[in-house]
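According to my numbering, the residues represented by the sequence shown are 3 to 222, in order.
First up is the structure itself, then whatever we jot down about it.
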Amino acid sequence: MVQDGGVWRERAESLAFLGNSLLSPMNQTETYGLDPSFWAAFPDFEDNDIRNALLELERFADAASRDESIDWSTSISVEFTKLFIGPPKPAAAPWETFYRSPDGGRVSVGFGKATFEMRQLLRDAGLQVRNDNNQYPDHIGIELLYASVSCSRIADLVDVGEDAAGAIDRLRCFISGHPYSWIDRLIDAVRKECPDSYIFLLLKLARAILRRVLEPNRNA
């Protein structure tokens, strides 16, 4: 079933927010995630797992808004740095290559098969990665942004009445072969270091949205 273009555009916007939030610390972006009303208005795509993830984020933001003793933007940025940057190295590597490496993830950075696959996918889509941190293209944030652009292009096709089935199949193939194939391991790594943290909750929401795209009849 092909939903209307509005649904695909909402998916694009949701994945873009999550991708950008996982690429840069909050003190370099926006603080929308600390506003409970932002999560209350976030689309749930009629999916129970997404609703639950949004509820957790809304509760987190509500608790943060009530605790003025902490600079939450700074605190979450410190958490981001610990998890995804280091030093000495990321506590939870945000690159697909790390989880697909034959050494079982002992090498945390470097070019691998996933890096080259993502570079080619971005090139084929006419996309260029521009970020201050010069991240590898198989970073979870970049993979979510690629999925976002794909959703946006599907929305454009649907809006003008063109056949979007092929584009949807390609998106699902990408999601199953890339972000969804390793996001569970990333979530486990983040849970181990920062359980119930903002980043942990963002990743749970990203996983639920990816799953909904892969399984459009979930909880329908």
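C-beta atoms are modelled at their ideal positions from N, C-alpha and C, and glycine is treated no differently.
Small disclaimer: the values here were computed from a predicted structure and weren't measured.
Can you look up residue 126 in the DSSP assignment and give me helix, strand or coil? helix
Residue 90 classed as buried or exposed, judged by whether at least 16 other C-beta atoms fall within 10 angstroms: exposed
First and last residue of the uninterrupted alpha helix (DSSP H) at residue 76: 74 to 86
Contacting residues, own chain, Cβ-Cβ under 6 angstroms from residue 24 (five flanking each side not counted): 142, 143
Measure how close the beta-carbons of residue 213 and residue 51 come, nearest whole angstrom, since I'm counting them as under 8 angstroms. 7 angstroms
May I ask you to verify whether the segment 5 to 20 touches the segment 159 to 170, counting CB pairs closer than 8 angstroms and requiring at least 3? yes
Keeping to the same chain, check which residues put their C-beta closer than 8 angstroms to that of residue 203; ignore five residues upstream and five downstream. 55, 58, 59, 62
Check for me: the alpha helix (DSSP H) holding residue 182 runs from which residue to which? 181 to 195
Rounded to whole angstroms, what is the Cα-Cα separation between residue 100 and residue 191? 12 angstroms
Between the C-alpha atoms of residue 22 and residue 124, what's the straight-line distance to the nearest angstrom? 16 angstroms
Quick check: residue 188 and residue 94, are their CB atoms within less than 8 angstroms of each other? yes
Strictly by DSSP, which residues pair up with residue 97? 141
Please name the residue in 195, 128, 157 whose C-alpha comes closest to that of residue 169. 157
Residue 91 (DSSP reduced to helix, strand or coil): coil
Contact under 8 angstroms by Cβ, residue 177 with residue 149: yes
In angstroms, rounded to a whole number, what distance separates the CA positions of residue 45 and residue 11? 11 angstroms
Quick check on residue 31: does DSSP put it in helix, strand or coil? coil
When you compare each of 40, 53, 86 to residue 67 by their alpha carbons, which one comes out closest? 40
Considering only the beta carbon of each residue, do residue 28 and residue 87 sit closer than 8 angstroms? no
In chain order, what residues of the same chain have a beta carbon less than 7 angstroms from the beta carbon of residue 85, not counting five sequence neighbours either side? 92, 93, 94, 192, 195, 196, 201
With a threshold of 6 angstroms on Cβ separation, who are the neighbours of residue 138 within its own chain once the five nearest residues in sequence on each side are excluded? 97, 117
How is the alpha helix (DSSP H) around residue 7 delimited, first residue to last? 7 to 23
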